[in-house]
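Enquirer: Here it is: the structure, laid out below.
Numbering (my numbering), first residue to last: 947 to 1107.
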């Protein structure tokens, strides 16, 4: 029984085959055959955003450039702001360089969707279908409102100081 103390004389009666895999006692496990490489179409990356037109990407880039310009206009009174603006410009550049690399390696098999088609048809997302206008608002709301906020703060600083 499990609650009984195991003695040395009981160890001799334990059947090792009951706790050790029987296949390892008979023969070693065979090495699986490696599948030969399948001939056919070479591996190609999946298109990154086939249903989003290039014009939408240009709008997003423009919104972030306007944000940096608003920061530059609002903070040019301080010399320390130049360091801040260089760091921000570097991060925004990298923010858009990585997707640009993704688009550069994707296959050029299909023609990218037009802006009119995007606005009419919309896009399918993980949570369901989204109309073109709603998708555009979701992509642009943060940089555009941040730009408006920075402009408002710049005007407030110019009026107060």
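The beta-carbon is built from N, C-alpha and C at its ideal position, and this holds for glycine as well.
Owing to the predicted nature of the structure, the values given are computational and were not obtained by experimental measurement.
Are the CB atoms of residue 1010 and residue 1038 within a distance shorter than 7 Å?
Expert: The count along the chain shown starts at 1 and reaches residue 1038 at position 92. The count along the chain shown starts at 1 and reaches residue 1010 at position 64. Result yes, Cβ atoms of residue 1038 and residue 1010 sit closer than 7 Å.
Enquirer: Taking buried to mean at least 16 other C-beta atoms within 10 Å of its own C-beta, is residue 980 buried or exposed?
Expert: Counting from one through the chain shown, the residue named residue 980 turns up at place 34. Classification of residue 980: exposed, given that the 10 Å Cβ count is below 16.
Enquirer: Using DSSP with H/G/I as helix, E/B as strand and the rest coil, what is residue 977?
Expert: Numbered from 1 along the chain shown, position 31 holds the residue referred to as residue 977. The answer is coil: DSSP assigns residue 977 none of H, G, I, E or B.
Enquirer: On the three-state DSSP scale, how would you describe residue 1039?
Expert: Reading the chain shown from its first residue, position 93 is the one you call residue 1039. It is helical.
Enquirer: Using a C-beta cutoff of 7 Å, does residue 1028 count as contacting chain D?
Expert: Within the model displayed, chain D is absent; a lone protein chain is all it includes.
Enquirer: Taking the straight line between their C-alpha atoms, what separation do you get for residue 1101 and residue 1053?
Expert: Reading the chain shown from its first residue, position 155 is the one you call residue 1101. Reading the chain shown from its first residue, position 107 is the one you call residue 1053. Those two C-alpha atoms are separated by around 47 Å.
Enquirer: Drop a sphere of 10 angstroms on the beta-carbon of residue 1105, count the other beta-carbons inside from all chains shown, and report buried for 16 or more, exposed for fewer.
Expert: On the chain shown, residue 1105 is found 159 positions in, with the first residue counted as 1. Exposed, since its Cβ has fewer than 16 Cβ neighbours within 10 Å.
Enquirer: Counting C-beta neighbours from all protein chains within 10 Å, is the total for residue 1004 16 or more, i.e. buried, or is it exposed?
Expert: By one-based count along the chain shown, residue 1004 stands at place 58. Exposed, because fewer than 16 other Cβ atoms sit within 10 Å of the Cβ of residue 1004.
Enquirer: Hey, quick one: how far does the beta strand (DSSP E) through residue 1071 stretch, first residue to last?
Expert: In the chain shown, residue 1071 corresponds to position 125, counting from 1. Looking at the DSSP string, the run of the beta strand (DSSP E) that includes residue 1071 is 1069-1071.
Enquirer: Around the Cβ of residue 1093, are there at least 16 other Cβ atoms within 10 angstroms (buried) or fewer (exposed)?
Expert: Here residue 1093 refers to the residue found at position 147 when the chain shown is read from its first residue. Residue 1093 is buried by the Cβ-count criterion.
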